[in-house]
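Step one of this worksheet: look at the structure below.
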Amino acid sequence: MKNKFITFEGIDGSGKSLQIEMLADYLSELGEKILVVREPGTTVIGEHVRNILMDKKNNTMSYKTEALLFMAARAQLMQEKIIPALENNYTVICDRFIDSSVVYQGIGRGLGEKFIKELNKFVTENIEPDITFFLDISPQNAWLRKIGVQTSDRFESENINFHQKIYLGYKKLIVENPNRIICIDANVSPEEIHTQIVNATKEKIKTLLLI
Ligand code: TYD
Numbered sequence: 338m339k340n341k342f343i344t345f346e347g348i349d350g351s352g353k354s355l356q357i358e359m360l361a362d363y364l365s366e367l368g369e370k371i372l373v374v375r376e377p378g379t380t381v382i383g384e385h386v387r388n389i390l391m392d393k394k395n396n397t398m399s400y401k402t403e404a405l406l407f408m409a410a411r412a413q414l415m416q417e418k419i420i421p422a423l424e425n426n427y428t429v430i431c432d433r434f435i436d437s438s439v440v441y442q443g444i445g446r447g448l449g450e451k452f453i454k455e456l457n458k459f460v461t462e463n464i465e466p467d468i469t470f471f472l473d474i475s476p477q478n479a480w481l482r483k484i485g486v487q488t489s490d491r492f493e494s495e496n497i498n499f500h501q502k503i504y505l506g507y508k509k510l511i512v513e514n515p516n517r518i519i520c521i522d523a524n525v526s527p528e529e530i531h532t533q534i535v536n537a538t539k540e541k542i543k544t545l546l547l548i
């Protein structure tokens, strides 16, 4: 099993970016070919779509429009980057993927998990990650981490109730997908989080090789 597909999920402020960088460096040093991508975005079309989605001025955007724009960016990313990379034996690491849509649009926006999962299947052609790391930090702690950081896109400016709903949504998905989603304690130092991720990746690769 050379072409692994690894995704990272978590609420806003859970520290995914640094962990993705650390895992990518670790796997590169082992000689693996790595492609790191993020959602929404990475492709030229996807980055245009991202700007529309994140812009706080777009406060009249309907939830259905929002869901379909995320799907559009994902469809482009699959076709242009993820599928070709997996076919060429790259390990792909993606910052957010299908689970983000299920929790943010399906649960957070109330569009329904079943409907979002169907849309996901359509755009991904049923390709699922082999491993998904959920960086587990409470919305309160994530908020504390962000104090003093000048950010605030359309999602970050949502209230704490929204982020709490997202957090609980992820917890539900972990229970429903025990073989794919690995919950990582993200309240510890970056090095300790990285160690948990590396150990879990090694374990998972062993299992995948045995299948
Ligand atoms: P980003 O700045 O990439 O945030 P983060 O660093 O937390 O990943 O913004 C992505 C935002 O888009 C984030 O708030 C989650 C949201 N999102 C969805 O609502 N649905 C989706 O399908 C995806 C991929 C992201």
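Take any residue in the sequence shown, note its place counting from 1, add 337, and you have its number in the working numbering. For each residue, glycine too, the CB sits at the ideal point set by N, CA and C. Since we're looking at a predicted model, the values are computed, not measured.
When the options are compared against residue i, the one with the closest alpha-carbon
i: residue 496; options: 427, 476 and 538; result: 476
i: residue 363; options: 414, 350, 402 and 428; result: 428
i: residue 369; options: 502, 498, 423 and 508; result: 423
i: residue 374; options: 385, 430 and 407; result: 430
i: residue 355; options: 544, 528, 542 and 543; result: 528
i: residue 531; options: 445, 359 and 478; result: 359
i: residue 385; options: 397, 518 and 414; result: 414
i: residue 351; options: 515, 504 and 510; result: 504
i: residue 493; options: 361, 371, 396 and 357; result: 396
C-alpha gap between residue i and residue j, whole angstroms
i: residue 506; j: residue 522; result: 17 angstroms
i: residue 426; j: residue 490; result: 35 angstroms
i: residue 411; j: residue 344; result: 13 angstroms
i: residue 338; j: residue 394; result: Because residue 338 carries a pLDDT of 45, less than 50, the predicted location of this residue cannot be relied on, and the following value inherits that uncertainty. Roughly 45 angstroms separates the two Cα atoms.
i: residue 366; j: residue 520; result: 25 angstroms
i: residue 448; j: residue 401; result: 8 angstroms
i: residue 391; j: residue 501; result: 20 angstroms
i: residue 404; j: residue 457; result: 10 angstroms
i: residue 541; j: residue 443; result: 28 angstroms
Residue i classed as buried or exposed, judged by whether at least 16 other C-beta atoms fall within 10 angstroms
i: residue 512; result: exposed
i: residue 341; result: buried
i: residue 459; result: exposed
i: residue 461; result: buried
i: residue 525; result: exposed
i: residue 466; result: buried
i: residue 548; result: Residue placement at residue 548 is poorly supported in this model, since its pLDDT is 49, which falls under 50; the coordinates are not used for a value here.
Chain D contact for residue i (CB, 9 angstroms cutoff)
i: residue 464; result: Reference to chain D is not applicable here, since this structure consists of a single protein chain.
Specify whether the stretch 431 to 441 and the stretch 474 to 485 touch according to this definition: at least 3 beta carbon pairs, one from each stretch, less than 8 angstroms apart.
Three or more beta-carbon pairs separated by less than 8 angstroms are not found between the stretch 431 to 441 and the stretch 474 to 485, which leaves the two stretches without contact.
At least 3 beta-carbon pairs within less than 8 angstroms: the stretch 414 to 421 vs the stretch 375 to 394:
Taking 8 angstroms as the limit for Cβ pairs, the verdict is that the stretch 375 to 394 does touch the stretch 414 to 421.
Should the stretch 528 to 544 be regarded as contacting the stretch 460 to 480, the criterion being three or more beta carbon pairs within less than 8 angstroms?
The stretch 528 to 544, when compared against the stretch 460 to 480, does touch it at the 8 angstroms Cβ threshold.
Which residues end up in the neighbourhood of ligand 1 when you take C-beta atoms closer than 5 angstroms to any of its heavy atoms?
Counting only beta-carbon distances shorter than 5 angstroms to the non-hydrogen atoms of ligand 1, the qualifying residues in chain order are 349, 376, 407, 433, 437, 438, 441 and 492.
Three or more beta-carbon pairs under 8 angstroms between the stretch 452 to 462 and the stretch 437 to 444, yes or no?
Touching, yes.
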